[in-house]
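If you read the protein sequences in the order shown, they are chains A and B. First residue of the first sequence? That's 175 in our numbering, and the numbers climb one at a time after it. First residue of the second sequence? That's 195 in our numbering, and the numbers climb one at a time after it. Read the structure below first, then the notes.
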Amino acid sequence: AQSVAQPEDQVNVAEGNPLTVKCTYSVSGNPYLFWYVQYPNRGLQFLLKYITGDNLVKGSYGFEAEFNKSQTSFHLKKPSALVSDSALYFCAVSPLYSSASKIIFGSGTRLSIRP
Amino acid sequence: GAVVSQHPSWVICKSGTSVKIECRSLDFQATTMFWYRQFPKQSLMLMATSNEGSKATYEQGVEKDKFLINHASLTLSTLTVTSAHPEDSSFYICSASFIAGGGNEQFFGPGTRLTVL
Numbered sequence: 175a176q177s178v179a180q181p182e183d184q185v186n187v188a189e190g191n192p193l194t195v196k197c198t199y200s201v202s203g204n205p206y207l208f209w210y211v212q213y214p215n216r217g218l219q220f221l222l223k224y225i226t227g228d229n230l231v232k233g234s235y236g237f238e239a240e241f242n243k244s245q246t247s248f249h250l251k252k253p254s255a256l257v258s259d260s261a262l263y264f265c266a267v268s269p270l271y272s273s274a275s276k277i278i279f280g281s282g283t284r285l286s287i288r289p
Numbered sequence: 195g196a197v198v199s200q201h202p203s204w205v206i207c208k209s210g211t212s213v214k215i216e217c218r219s220l221d222f223q224a225t226t227m228f229w230y231r232q233f234p235k236q237s238l239m240l241m242a243t244s245n246e247g248s249k250a251t252y253e254q255g256v257e258k259d260k261f262l263i264n265h266a267s268l269t270l271s272t273l274t275v276t277s278a279h280p281e282d283s284s285f286y287i288c289s290a291s292f293i294a295g296g297g298n299e300q301f302f303g304p305g306t307r308l309t310v311l
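Dropping the structure here:
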């Protein structure tokens with residue numbers, strides 16, 4: 175069965191410092207991985223995805239994620255955090271490269287950036 | 195591009211009434227739409243997947259007679275919560291995808307907060 179784990183409920187980082195939000199996955203076959211961000215009372219906004227190719231994926235708002243097949247991880251990173259990055263972040267995996275394929279979400283990690 | 199809207203953004207209703215939530219893809223034709231519910235401080239739980247013109251596929255544990263989904267056109271899907279009860283209060287989010295939209299990327303609506311009194 176496919177699954178996604180986000181081991182940290184909350185991550186606290188000082189503004190200007192690098193941040194990492196962890197994600198590990200379990201999927202049979204090739205994984206298609208995503209990161210989404212959710213602001214209060216809003217839907218999800220797409221940040222980035224890994225389909226194939228370069229293991230380092232660059233996305234919106236200066237975020238990037240590194241696909242590590244041996245560790246089955248897809249951690250989200252940003253070199254210098256902003257207060258406005260404070261939000262709820264979801265890692266997700268899809269087992270198929272299809273517009274009809276369901277996406278399985280992790281439990282979410284609340285990122286808090288202090289000034 | 196790839197904007198998805200939901201209406202209403204919030205609704206309060208009495209127990210026993212039915213509530214309809216609309217999900218529209220504004221600038222693309224959505225071959226597939228998904229409905230999720232999200233409880234406070236929890237992740238999104240997929241309720242059902244719907245393809246235009248066909249019956250929705252419900253996830254295990256989701257009552258199809260309780261949560262009626264209609265996907266009558268390539269730009270509109272509706273979720274009707276029938277005979278709503280307080281335990282149905284939740285944040286409902288739809289998403290839409292299309293074949294040329296980057297494989298399996300889903301575009302999410304802003305969500306609808308349902309409160310059942």
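Every residue, glycine too, gets a C-beta built ideally from N, C-alpha and C. Note that the structure is a prediction, hence the values are computed from the model and not measured.
What did DSSP end up calling residue i once you bin it into helix, strand or coil?
i: B/E281; result: helix
i: A/Y206; result: strand
i: A/S286; result: strand
i: B/V197; result: coil
i: A/V185; result: strand
i: A/S177; result: strand
Of all Cβ atoms in chain A, is any one closer than 8 Å to the Cβ of residue i?
i: B/F222; result: no
i: B/P202; result: no
i: B/R218; result: no
i: B/S283; result: no
i: B/E299; result: yes
Since residue i and residue j should fall inside the 8 Å C-beta cutoff, what is the C-beta to C-beta distance between them, to a whole number of angstroms?
i: B/Y230; j: B/L240; result: 6 Å
i: A/K251; j: A/E238; result: 6 Å
i: B/T272; j: B/V205; result: Contact doesn't hold; Cβ gap of about 13 Å is too wide.
Note down the Cα distance separating residue i from residue j, rounded to an integer number of angstroms.
i: B/V275; j: B/L262; result: 7 Å
i: B/F301; j: B/V197; result: 7 Å
i: B/V310; j: A/S177; result: 32 Å
i: B/E281; j: B/V213; result: 14 Å
i: A/Y236; j: B/P234; result: Reading off the sequence, residue 236 of chain A comes out as Gly, not Tyr. Approximately 28 Å, taken between the alpha carbons.
i: A/Y206; j: A/F279; result: 12 Å
i: B/L270; j: B/S209; result: 26 Å
Let me see if you follow: with CB-CB separation under 8 Å, is residue i close to chain B or not?
i: A/S260; result: no
i: A/F241; result: no
i: A/N290; result: Any property of residue 290 of chain A remains undetermined from this structure, which presents chain A solely from 175 to 289.
Kindly list the residues whose CB is nearer than 8 Å to the CB of residue i, restricted to its own chain and excluding five residues on each side of it in sequence; keep chain order.
i: A/S286; result: Q184, V185, N186, V187, S260
Please work out which residues of its chain come closer than 7 Å, Cβ to Cβ, to residue i, disregarding the five sequence neighbours upstream and downstream, and give them in chain order.
i: B/N245; result: T225, T226, H265
Using C-beta distances below 6 Å, list every residue in its chain close to residue i, excluding the 5 sequence neighbours before and after it, in chain order.
i: A/I292; result: Within the shown structure, residues of chain A are numbered from 175 to 289, placing residue 292 of chain A beyond reach of any answer.
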